[in-house]
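Only one structure is covered here, and it is reproduced in the block below.
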Amino acid sequence: MNNWSFGIEAEAAMLGQPICMLLPGVVGFKLTGKLRDGVTATDLVVTVTQMLKKHGVFGKFVEFYGEGMGELSLADRATIANMSPEYGATMGFFPVDNVTLQYLELTGRSNKTGICSQPRQERAYTSYLQWDLADVEPCGFAVPKEEQGKVEKFSFHGQPAELRHGSVVIAAITSCTITSNPTVTITSNPTVMVGAGLVAKKASELGLEVGFDFDMSFHLMPLVELQNLDAGRVQPWIKTSLAPGSRVVTEYLLQSGLLKYLNQLGFNVVGYGCTTCIGNSGELDESVASAISENDIVAVAVLSGNRNFEGRIHRLTRANYLASPPLVVAYALDGTVDIDFDTEPIGIGKDGKSVYFKNIWPSNEEIAQVVQSSVLPDMFKSMYEGITKGNPLWNQLSNPSSTLLPWDVNSTYIHEPPHFKDMSKDPPVLMGITTDHISPCGNIHKDSPTAKYLPKVGVERKDFNSYGSGRGNDDEVMTRGTFANIRITIHIPTGEKLHVYDAAMVGIHMQKYKAAEQSTIVSAGADYGSGSARDWAAKGPMLQGVTAVIAKSFERIHRSNLVGMGIIPLSFKPGEDADMLGLTGHERCTIELPRDISEIKPGQDVKVTTDNAKSFTCTLHFDTKVELAYFDHGGILPYVKLLSFWICSLSRL
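The numbers in the sequence shown follow full-length UniProt numbering, run straight up by one, and end at 653.
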């Protein structure tokens with residue numbers, strides 16, 4: 001079981017080009033023991049991620065081994081392996097064993113593959129780590145210390161309500177890594193999904209239900225009379241949702257009788273795929289949004305996703321916590337993360353007694369029994385045997401008969417990319433941010449440049465969708481969405497508060513970057529481009545005129561993506577950064593690279609000089625000669641197109 005993370009080079013690989021990389025080190029991570037009752041795969045993956053980030057596995061392979069591996073289901077292993085972008089490795093890997101083979105049988109795979117496993121002696125690794133699974137602790141959260149006692153009262157559809165620091169306003173069971181495991185078909189981790197269902201079932205049986213009497217499916221919020229809004233009931237202003245990674249999940253939750261209990265708590269199936277985890281939760285109720293923004297409340301989103309970068313989940317949730325699905329349900333019931341589950345009750349049961357976390361948390365044995373009886377091979381076969389036939393809505397779409405897709409200039413989703421326009425083989429003339437800061441993938445905010453553009457081409461507000469759905473429309477949607485994170489607003493050098501797109505592309509003043517024919521350089525801190533391996537976090541800056549990024553360090557995939565788009569990745573020397581060098585962002589910089597590509601060497605030092613006579617040395621992060629060739633042609637896509645043209649020309653000779 002493994003997850004290999006890569007970026008824009010995948011597009012070239014589909015056209016027959018090799019992926020070039022430096023030979024990686026291999027970290028051996030030995031697992032012993034077994035998880036204790038009440039500890040989930042989510043708790044384990046958080047612990048493993050923290051250990052690996054501290055150890056330093058950038059650009060390396062991580063192989064998990066040891067007797068503890070046999071105590072983990074394949075779904076648990078997939079959860080850990082799929083977090084490799086989060087802990088910075090190129091790949092997380094679990095060797096094939098009997099657990100793997102049993103899973104393939106469960107999910108209806110053919111037994112003709114012939115893969116098998118025999119015990120081997122311990123391999124030699126670049127470095128080693130070891131962890132006893134019995135030492136993994138359940139995840140817990142802390143409320144920001146600022147004004148913990150602050151309470152804001154407001155009216156929710158005519159009924160009195162209140163929010164305080166730490167109040168949960170979004171509780172989402174999502175289809176991301178912590179919940180799901182990617183195989184040939186995407187199937188959510190049954191242990192944590194069944195665990196969530198059992199928490200809901202136990203809560204319902206004890207009398208802890210939902211604080212409203214209407215269906216919350218698809219986040220509908222009708223005017224209602226709200227009663228019994230006491231602790232232990234999911235309050236109606238908490239936006240709850242269930243977005244499984246597979247229809248198989250819905251089937252086994254339904255088969256086990258657990259889906260109805262999740263529905264009773266407001267966790268209705270809202271769809272399959274990316275939802276709250278990518279910022280697609282939709283807007284909060286207007287009264288809730290006003291109470292948060294007008295009173296500076298630190299509102300909370302709790303979700304079973306794997307990323308909670310700033311501004312990603314929702315613009316109004318300043319605290320965003322990752323949790324296992326059963327823990328999401330528990331926090332939704334309590335309504336706040338400001339609780340000690342060991343000593344404080346979640347609510348009062350129907351018998352008048354206090355209900356504690358331990359009363360609703362299922363044992364590993366309970367979960368295993370439901371999984372064994374309800375997660376069946378036939379479910380996988382029946383759900384996916386007709387997957388290639390599509391669905392009625394998809395099949396009704398018109399399909400052009402031409403070999404190549406004719407570009408529709410009026411489409412707001414698929415647009416002809418500009419990467420091949422004015423292509424030249426000549427070298428280009430030189431002149432703690434995550435990919436969610438650079439290229440948000442979630443909700444299109446009403447005040448953003450994209451939101452101003454879409455109505456002009458006839459798209460109504462309700463049809464804006466998300467940045468992620470607009471990845472096929474480069475210069476109209478995605479370029480406007482680049483650096484559209486709500487935390488990035490200042491135009492250098494004027495200090496004017498602007499959306500970055502307006503500063504880069506719109507000629508309001510001659511000082512604005514692209515209108516003044518001024519290439520731009522991004523100066524950043526450590527781990528620039530960490531987070532989702534998002535190609536548009538490199539494509540967008542290129543289209544906005546960014547020619548180089550100078551950072552303390554780069555996330556591995558994002559560095560590769562920058563190279564793939566013809567952007568120069570440079571790092572400050574150890575111990576140096578923009579602050580130490582006195583750089584403010586107002587400088588004009590010259591990057592001294594030879595014009596002849598043959599004179600540029602991977603990893604060489606590069607001198608950068610500013611217009612105020614400062615100079616400093618950076619390290620050039622082109623790792624291979626192939627990457628230099630990509631840069632020489634303006635990026636990997638023009639290089640591949642030109643190479644294909646040459647090959648076709650030679651074949652005709």
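Yeah, the Cβ is synthetic: ideal placement off N, Cα and C, and Gly gets one too.
Source: prediction; values computed, not measured.
Between Ala75, Ala13, Asp76, Ala89, which has its C-alpha nearest glutamine 50's C-alpha?
Residue numbering aside, residue 50 sits at position 50 when the sequence shown is read from its first letter. Comparing Cα-Cα distances from glutamine 50 to each of Ala75, Ala13, Asp76, Ala89, the minimum goes to Ala89.
Per DSSP, which residues does aspartate 605 bridge with? Please list them.
Taking the sequence shown and counting its residues from 1, the one referred to as residue 605 is at position 605. The partner list for aspartate 605 (beta bridge, DSSP) reads Thr619.
State yes or no: is the C-beta of valine 199 within less than 7 Å of the C-beta of isoleucine 360?
Along the sequence shown, one-based indexing puts residue 199 at 199. Along the sequence shown, one-based indexing puts residue 360 at 360. A contact, by the Cβ cut-off of 7 Å.
How about histidine 621 and arginine 556: do their beta carbons lie closer than 7 Å?
For the purposes of this step, residue 621 is taken as residue 621 along the sequence shown, with counting starting at 1. For the purposes of this step, residue 556 is taken as residue 556 along the sequence shown, with counting starting at 1. In this structure, arginine 556 does not lie closer than 7 Å to histidine 621 by Cβ.
Nearest by alpha-carbon distance to lysine 573: which of Gly525, Met565, Gly545 is it?
Looking up residue 573 in the sequence shown gives position 573. Closest option to lysine 573, Cα to Cα, is Gly525.
CA-to-CA distance, phenylalanine 93 to proline 427, given in whole angstroms
Indexing the sequence shown from 1 puts residue 427 at position 427. Indexing the sequence shown from 1 puts residue 93 at position 93. Low local confidence applies: a pLDDT of 41 at proline 427 is under 50, so the model's placement there is unreliable, with the coordinate-based value given in what follows. Separation of proline 427 and phenylalanine 93 (C-alpha to C-alpha, rounded to the nearest whole angstrom) is 39 Å.
Go ahead and label tyrosine 413 buried or exposed: buried means 16 or more other beta carbons lie within 10 angstroms of its beta carbon, across all protein chains shown.
Sequence index remark: in the sequence shown, residue 413 carries index 413 (1-based). Burial call: exposed.
Going by CA-CA distance only, name the one from Pro138, Phe616, Leu254 that's closest to phenylalanine 357.
Translated into the one-based positions of the sequence shown, residue 357 becomes position 357. For the residues Pro138, Phe616, Leu254, the minimum Cα distance to phenylalanine 357 belongs to Pro138.
Let me know the secondary structure DSSP gives threonine 191 once reduced to three states.
Along the sequence shown, one-based indexing puts residue 191 at 191. Of the three classes helix, strand and coil, the one that applies to threonine 191 here is helix, per DSSP.
Separation of tryptophan 407 from serine 398, as counted between CA atoms:
Your numbering for residue 398 matches position 398 in the sequence shown. Your numbering for residue 407 matches position 407 in the sequence shown. Taking the Cα positions, serine 398 is about 14 Å away from tryptophan 407.
So valine 606 and glutamate 587 are in contact, right, with Cβ under 8 Å, and what is the actual spacing, rounded?
Here residue 606 refers to the residue found at position 606 when the sequence shown is read from its first residue. Here residue 587 refers to the residue found at position 587 when the sequence shown is read from its first residue. Taking the Cβ atoms as the reference, valine 606 lies roughly 16 Å from glutamate 587, outside the contact range of under 8 Å.
So what's histidine 499 in DSSP terms, helix, strand or just coil?
Taking the sequence shown and counting its residues from 1, one reaches residue 499 at position 499. The predicted position of histidine 499 is uncertain, since its pLDDT is 49 and thus under 50; a value taken from the coordinates is nonetheless stated next. In this structure, histidine 499 counts as coil in the three-state DSSP scheme.
In this structure, how does DSSP classify tyrosine 261 when only helix, strand and coil are distinguished?
Counting from 1 along the sequence shown, the entry for residue 261 is found at position 261. Helix at tyrosine 261.
Buried or exposed for methionine 379, please, with buried defined as at least 16 other CB atoms from any protein chain shown within 10 angstroms of its CB.
Residue numbering aside, residue 379 sits at position 379 when the sequence shown is read from its first letter. Classification of methionine 379: buried, given that the 10 Å Cβ count is 16 or more.
Counting beta carbon pairs with one atom in the stretch 249–259 and one in the stretch 129–138, are three or more of them shorter than 8 Å?
Taking a contact to require three or more Cβ pairs closer than 8 Å, the stretch 129–138 and the stretch 249–259 do not qualify as touching.
Could you have a look at isoleucine 568 and say whether DSSP puts it in helix, strand or coil?
In the sequence shown, counting from the first residue as 1, residue 568 sits at position 568. Isoleucine 568 falls in the strand class under three-state DSSP.
Residues near tryptophan 4 by beta carbon distance below 6 Å, same chain, minus five either side
Residue numbering aside, residue 4 sits at position 4 when the sequence shown is read from its first letter. If the five residues before and after tryptophan 4 are omitted, its C-beta is found closer than 6 Å to the C-beta atoms of Met91, all from its own chain and listed in chain order.
Indicate the three-state DSSP secondary structure (helix, strand or coil) for phenylalanine 93 in the structure shown.
In the sequence shown, residue 93 corresponds to position 93, counting from 1. Reduced to three states, the DSSP call for phenylalanine 93 is strand.
Could you check the C-alpha separation between serine 73 and leucine 253 for me, to the nearest Å?
To locate residue 73, count along the sequence shown from 1; it is residue 73. To locate residue 253, count along the sequence shown from 1; it is residue 253. Between serine 73 and leucine 253, the C-alpha separation is close to 19 Å.
Check the DSSP bridge columns for tyrosine 65 and list the partner residues they point to.
Counted from its first residue, the sequence shown places residue 65 at position 65. Checking the DSSP bridge columns, you'll see tyrosine 65 partnered with Lys30.
Same chain only: Cβ atoms within 7 Å of serine 523, ignoring 5 sequence neighbours per side:
Stepping through the sequence shown from its first residue, residue 523 is reached at position 523. Result list for serine 523: Ile550, Ala578, Leu583, Gly585, in chain order.
What are the start and end residues of the alpha helix (DSSP H) that includes isoleucine 550?
Along the sequence shown, one-based indexing puts residue 550 at 550. Under the DSSP assignment, isoleucine 550 falls outside any alpha helix (DSSP H), being part of the beta strand (DSSP E) whose first and last residues are 546–551.
For the alpha helix (DSSP H) containing tyrosine 103, list its first residue and its last residue.
Numbered from 1 along the sequence shown, position 103 holds the residue referred to as residue 103. Where tyrosine 103 is concerned, the enclosing alpha helix (DSSP H) stretches over 98–106.
Where do the N-terminal and C-terminal ends of the alpha helix (DSSP H) with tryptophan 536 fall, by residue?
Your numbering for residue 536 matches position 536 in the sequence shown. Per DSSP, tryptophan 536 belongs to the alpha helix (DSSP H) from 536–543.
Taking 7 Å as the threshold (beta carbon to beta carbon), is leucine 23 in contact with chain C?
Here chain C cannot be found, since the structure has a single protein chain.
Grab the span of the beta strand (DSSP E) containing isoleucine 173 for me, first residue to last.
Sequence index remark: in the sequence shown, residue 173 carries index 173 (1-based). Annotation for isoleucine 173: the continuous beta strand (DSSP E) segment containing it runs 168–173.
Would a C-beta distance cut-off of 7 Å place isoleucine 292 and alanine 301 closer than the cut-off?
The residue you call residue 292 lines up with position 292 of the sequence shown. The residue you call residue 301 lines up with position 301 of the sequence shown. In this structure, alanine 301 does not lie closer than 7 Å to isoleucine 292 by Cβ.
Alpha carbon of valine 269 to alpha carbon of leucine 543, nearest angstrom
Here residue 269 corresponds to residue number 269 of the sequence shown, with the count starting at 1. Here residue 543 corresponds to residue number 543 of the sequence shown, with the count starting at 1. For valine 269 and leucine 543, the distance between alpha carbons rounds to 38 Å.
Can you name the residues that DSSP bridges to lysine 60?
The residue labelled residue 60 in the question sits at position 60 within the sequence shown. None; lysine 60 has no bridge partner.
Whole angstroms is fine: what's the gap from aspartate 37's alpha carbon to histidine 415's?
Walking along the sequence shown from the start, residue 37 turns up at place 37. Walking along the sequence shown from the start, residue 415 turns up at place 415. Those two C-alpha atoms are separated by around 52 Å.
Rounded to a whole number of angstroms, what is the C-alpha to C-alpha distance between leucine 163 and glycine 197?
Residue 163 sits at position 163 when you count from the first residue of the sequence shown. Residue 197 sits at position 197 when you count from the first residue of the sequence shown. Their Cα atoms are separated by approximately 27 Å.
Within the continuous beta strand (DSSP E) that includes valine 300, where are the two ends?
Locating residue 300 in the sequence shown gives position 300, where the first residue counts as 1. Unbroken beta strand (DSSP E) run through valine 300: 300–303.
Alpha helix (DSSP H) containing glutamate 592: first to last residue?
The residue you call residue 592 lines up with position 592 of the sequence shown. Looking at the DSSP string, glutamate 592 is not in any alpha helix (DSSP H); the run it does join, the beta strand (DSSP E), is 589–592.
Considering only the alpha carbon of each residue, which of Pro95, Gln102, Lys53 lies closest to methionine 83?
Indexing the sequence shown from 1 puts residue 83 at position 83. For the set Pro95, Gln102, Lys53, the Cα lying nearest the Cα of methionine 83 is the one of Lys53.
Is the stretch 266–281 touching the stretch 371–389, taking contact as three or more C-beta pairs under 8 Å?
At 8 Å Cβ cutoff, the stretches do not touch.
Is valine 234 closer than 7 Å to leucine 333 when the C-beta atoms are compared?
If you number the sequence shown from 1, residue 333 lands on position 333. If you number the sequence shown from 1, residue 234 lands on position 234. Yes. Within cutoff.
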